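Only one structure is covered here, and it is reproduced in the block below.
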Amino acid sequence: MQLSAFLNYVVREELAGRGNKIKAYTVAVDALGRPETFDASSDPVIRVVANRLRHALNRFNAEPAVDLPVRIKLVKGSYRPVFTTGDVEVEAADTDEVLIAPNPSSRTRRCRQIITVLSILLVLALTYMVWDLGRLAFETTDPPPLQMRQPDDN
Numbered sequence: 004m005q006l007s008a009f010l011n012y013v014v015r016e017e018l019a020g021r022g023n024k025i026k027a028y029t030v031a032v033d034a035l036g037r038p039e040t041f042d043a044s045s046d047p048v049i050r051v052v053a054n055r056l057r058h059a060l061n062r063f064n065a066e067p068a069v070d071l072p073v074r075i076k077l078v079k080g081s082y083r084p085v086f087t088t089g090d091v092e093v094e095a096a097d098t099d100e101v102l103i104a105p106n107p108s109s110r111t112r113r114c115r116q117i118i119t120v121l122s123i124l125l126v127l128a129l130t131y132m133v134w135d136l137g138r139l140a141f142e143t144t145d146p147p148p149l150q151m152r153q154p155d156d157n
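The opening position of the sequence shown corresponds to residue 4 in this note's numbering, with each subsequent residue numbered one higher.
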């Protein structure tokens with residue numbers, strides 16, 4: 004439980020751009036639920052958990068069956084995770100002609116962005132049209148001018 008909480012916290016903080024704020028105190032308080040009175044110099048729990056996590060990550064990354072595009076390491080002396088890309092070996096094709104397909108994920112991502120922008124523009128246009136029609140429907144014409152009549156002297 005402590006290992007996964009530790010790893011989850013440091014990875015999230017690093018990916019959020021707050022990796023420079025990862026310290027023993029912040030990990031202890033924010034990830035492991037230690038009180039705010041936690042003192043890293045007198046309580047070695049963070050160093051112990053970090054050491055266990057380093058060993059667990061090293062064992063996991065050493066497994067030959069594990070083929071991940073990104074690996075997480077925790078370098079000794081730091082609580083900041085390091086992300087490394089694995090060396091993926093690509094076998095040569097049996098044919099003379101190799102076709103390279105475009106990256107579907109980037110094409111899909113671009114299509115989603117275009118659809119999102121067009122959807123937002125459509126919603127804005129429809130909102131303006133409804134507002135404009137509503138404004139015209141409630142707009143009244145000027146009332147006829149009042150005519151002053153002279154009182155009869157009867």
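We put the beta carbon where it would ideally sit given N, CA and C, even for glycine. Model, not experiment: these values are computed from the prediction.
One or two residues paired with residue i in a DSSP bridge
i: R74; result: T87
Buried/exposed call for residue i, threshold 16 Cβ in 10 Å
i: L127; result: exposed
i: V51; result: exposed
i: E17; result: buried
i: D97; result: Any reading at D97 must be qualified, since the residue scores a pLDDT of 39, below 50, and its modelled position is unreliable; the value itself is stated next. Flag for D97 reads exposed.
i: L10; result: buried
Proximal residues to residue i (C-beta, below 6 Å), its chain only, five neighbours per side dropped
i: T87; result: R74
i: A27; result: A43 and I49
Beta-carbon proximity list for residue i, same chain, < 8 Å, skipping 5 on both sides
i: V14; result: I75 and P84
Contacts around residue i, its chain only, beta-carbon distance under 7 Å, and the 5 residues preceding and following it disregarded
i: R55; result: L6
i: L60; result: I75, K76 and L77
i: V32; result: E39 and F41
Segment contact flag, the stretch 64 to 80 with the stretch 34 to 49, C-beta cutoff 8 Å, min 3 pairs: no
Uninterrupted beta strand (DSSP E) stretches inside the stretch 109 to 137 (no shorter than 3 residues): none
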